[in-house]
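Asker: Residue numbers (the UniProt record's numbering): 1 to 583. All C-beta atoms, glycine included, are put in the ideal place defined by N, C-alpha and C. One structure follows; several queries about it will come next.
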C-alpha cells in the first residue's frame, strides 16, 4: 500500500490522529521561533558591537571611564566565556557553549515529547511523538548544514568565529541523531505492538535506516581523538556519509509526501560545494591556469624549512583574494596531498597590504607607504600527515616550488581596533594569528584610523631561536618609523633554555632583517617560558581603559589567560579572544 494512503487510513481508524497530526506539524515550527529569535538577538548585539567598536577607534580614550557597567560586563564575560568545563581529555566547553548545548537538547526534546498522552491515557505514546520527532529533526537539518558551511552566513550575522560554529555544528548533529533515534524507536514500538512487519520490506523504510545509520557513524567518526588522528580520512568519511544521510533522508521522507522538509538541506549542501568550487576556480587563475600542462609560476608555493618543526610557505597572491587579519585559508598542494582535492586550513600570516618606510637621504625621518602585498604567507607547525609530507618534500626536492591552490578566506577574526591596550599572546605557529593583527594595528597607527590604540604588547613563545626567521622580514619592515603615539613591547621567549638567545638567533641566519629586528629597541629576546598570568595581570593593572587580549597557542596558555582575567575581577573592560590551533 502507498505510504500516504496508509497514513490517511490510519488517521481515520485512530482517533488520536486528530490530535497528534496538528501537533506533529505545528511544534517543529515553534522550535524555529525560539532559534530564529536567538539568532536575531545575536545579530543585533553583533551589529551594535561593531558600530561602537568603529566609533571608539576614531575617538581618543575617555578621561574617566564608567566603572559600574564595566564591572558587570567583566563579571558576565568571566562567568560565561572564561569558565571551562572538561569532558574527559578531549572535550572542553565554556559555560556558554555548555548552556547552548543543554538548551538545544531541552528545546528539541521538550517540543518532541510534550502533549504525548493518548486519549486512552497512555503517556509518551509513540503515535504522538514518533512522526513529530522526525519532522523536528528534518527542520533542523538546514541549521546543521549552515553551521558546517565554509561560506557561513551565521558567521557574518553574529560575528561568531568559524571554529566556534564548528563546535555548534557537531553538537547539533549529535542532538539531531538522538532525536532521530527517538523517532525510529517510537516506530519500532508502535509497529511491534501492531505486529506490522511489512514496512521492513519497503525501499523508503530501508532508506531511512541507511540515513540514520550513516548519521550515527558520522557522529562516531567525528569524535576528536579519531578526527585528529586521521584528518584526511575524516574528510572523505564526512563528505561521503553526509551525502548518504541527506540522500537517504530525502527518499525516505519523499515517499511519505514530506520530501520538501529535506530539500532545503540538500540544496544548501550542494550550493556550498558549488560555491567553493567556483571560488577555487576564480581565485586560482580560472580555466586558463587549471588546463595548462605547466602551472603558472604565480601559483607555485615556496616552502622554506625554518626548522624540522617549522615551515614557512609563501606564494604569489592569487587574483581576487582579499582577507582580514586573522582569517584562514585552505591550502592544497596536489603533489604532496594524499588526495587531489585535499585542503588543510592554515591562518594567513601576512596582511592584505604591506608597510614600507621610504627614508630621505638627508634626514633620519621617512615617509610610510602602504603597498598591496603580492604574497600570501603561511607559518606551519610540522605534525603527522600532510605537514610531515610537506617537510619531506621541501627537504628532498630541488624544484623552485610546488603547484598550490588556495580556498578562502574564511573565519571571523576579532576586531582589535578601538582598544587602548592590545595584548597579543602566541606560541609556535600561533604567531600566524597574532602577527597579522600586530601588523594591521601598526598600519592603522600610520594611517590614523585607530587613534585610541596607545600600547601593543606582543608575546611569542618559541622553542628555538631560529624560528625568529619566520617573521623577521615582515616585522622588521613594520617596525620602521612606528609613530611616537604607539608604544610597542615585543617579547620573544626562547623556551629551549638558550643562554644567549639573541646571539644564537643571529647565528641561525645572517640576513639583514634578522639583525635589524634584534637591534630594534621595541624587541626583547628572553629565555624561558612566559608567565602568561603575570603578563596579563600586569597589563590589566597598567591601564584604565578598554583592553583586548588575544591568545593563539597551547591549551595551557589560554587557560592561564582566562584564569588571570577572572582573578582581575573589576577593572577596565577586557575583551578576550582565544583562537583554536586547529579545526
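I'd like the span of the alpha helix (DSSP H) that includes residue 127, first residue to last.
Answerer: Where residue 127 is concerned, the enclosing alpha helix (DSSP H) stretches over 126-148.
Asker: List the DSSP bridge partners of residue 316.
Answerer: 375, per the DSSP bridge assignment.
Asker: State the DSSP-derived secondary structure class of residue 112, mapped to helix, strand or coil.
Answerer: Of the three classes helix, strand and coil, the one that applies to residue 112 here is helix, per DSSP.
Asker: Classify residue 187 as buried or exposed, calling it buried when 16 or more other Cβ atoms lie within 10 Å of its own Cβ.
Answerer: Residue 187 should be labelled buried.
Asker: Give me the Cα-Cα distance between residue 100 and residue 465, rounded to the nearest whole angstrom.
Answerer: Approximately 43 Å between the Cα atoms of the pair.
Asker: Please state the DSSP three-state secondary structure of residue 266.
Answerer: Helix.
Asker: So for residue 489, helix, strand or coil by DSSP?
Answerer: Residue 489 falls in the strand class under three-state DSSP.
Asker: Give the secondary structure of residue 417 by DSSP, where H, G and I count as helix, E and B as strand, and everything else as coil.
Answerer: The answer is coil: DSSP assigns residue 417 none of H, G, I, E or B.
Asker: Exposed or buried, what is residue 91 when buried is set at 16 or more other beta-carbons lying within 10 Å of its beta-carbon?
Answerer: That one is exposed.
Asker: How many angstroms separate the CA atom of residue 36 from the CA atom of residue 462?
Answerer: Computed Cα separation, rounded: 44 Å.
Asker: Do residue 479 and the ligand HEM come close, with the Cβ less than 8 Å from some heavy atom?
Answerer: By its list of ligands, the structure shown contains no ligand whatsoever, and the ligand HEM lies outside what it can speak to.
Asker: Helix or strand or just coil, what does DSSP make of residue 551?
Answerer: In this structure, residue 551 counts as strand in the three-state DSSP scheme.
Asker: Given a threshold of 16 other Cβ atoms within 10 Å of its Cβ, counted over all protein chains shown, does residue 635 qualify as buried or as exposed?
Answerer: Outside the shown range of the chain, which is 1 to 583, sits residue 635, and nothing can be said about it.
Asker: DSSP has residue 304 in a bridge; who is on the other side?
Answerer: DSSP, once it has assigned bridges, lists 312 as partnering residue 304.
Asker: Buried or exposed for residue 576, going by 16 or more other Cβ atoms inside 10 Å?
Answerer: Burial call: buried.
Asker: Could you tell me whether the Cβ atoms of residue 172 and residue 200 are closer together than 9 Å?
Answerer: No, the pair does not count as a contact, with Cβ atoms beyond the cut-off.
Asker: Quick one: Cα of residue 51 to Cα of residue 259, how far?
Answerer: Rounded to the nearest angstrom, the two C-alpha atoms are 42 Å apart.
Asker: Pull the bridge partners of residue 574 from the DSSP assignment, please.
Answerer: According to DSSP, residue 574 bridges with 547.
Asker: Where does residue 345 fall in DSSP's three states?
Answerer: Strand.
Asker: Along the chain, where does the beta strand (DSSP E) containing residue 531 start, and where does it finish?
Answerer: Looking at the DSSP string, residue 531 is not in any beta strand (DSSP E), and its letter there is neither H nor E.
Asker: Leaving out five residues before and five after residue 416 in sequence, what residues of the same chain have Cβ atoms less than 6 Å from its Cβ?
Answerer: 422, 437, 548.
Asker: Would you check if the distance between the CB atom of residue 429 and the CB atom of residue 310 is smaller than 9 Å?
Answerer: Their beta carbons are under 9 Å apart, which means residue 429 touches residue 310 by this criterion.
Asker: Keeping to the same chain, check which residues put their C-beta closer than 7 Å to that of residue 364; ignore five residues upstream and five downstream.
Answerer: A caution first: residue 364 carries a pLDDT of 47, below 50, which makes its placement in the model too unreliable to give a value.
Asker: Applying the 10 Å Cβ sphere with the 16-neighbour rule, what's the burial state of residue 115?
Answerer: Exposed, because fewer than 16 other Cβ atoms sit within 10 Å of the Cβ of residue 115.
Asker: Could you spell out the range, first to last residue, of the beta strand (DSSP E) harbouring residue 407?
Answerer: Unbroken beta strand (DSSP E) run through residue 407: 405-410.
Asker: Distance check for residue 206 and residue 376, CA to CA, integer angstroms please.
Answerer: Answer to the nearest angstrom: the Cα atoms are 49 Å apart.
Asker: Is it buried or exposed, residue 545, if we count other Cβ atoms within 10 angstroms and call 16 or more buried?
Answerer: When all chains shown are included, residue 545 counts as buried.
Asker: Starting from residue 456, trace the beta strand (DSSP E) in both directions and tell me its first and last residue.
Answerer: First-last of the beta strand (DSSP E) with residue 456: 455-462.
Asker: Whether or not the region 157-164 and the region 209-216 are in contact is what I'm after, with contact meaning three or more pairs of Cβ atoms, one per stretch, closer than 8 Å; do they touch?
Answerer: Verdict: no, contact absent.
Asker: Pick out whichever of 133, 535, 93 has its Cα sitting closest to the Cα of residue 108.
Answerer: Checking every option, the nearest Cα to that of residue 108 belongs to 133.
Asker: Specify whether the region 334-345 and the region 387-407 touch according to this definition: at least 3 beta carbon pairs, one from each stretch, less than 8 Å apart.
Answerer: Yes, since at least three Cβ pairs between the region 334-345 and the region 387-407 fall closer than 8 Å, the two stretches touch.
Asker: Using three-state DSSP, classify residue 159 as helix, strand or coil.
Answerer: Coil at residue 159, not helix or strand.
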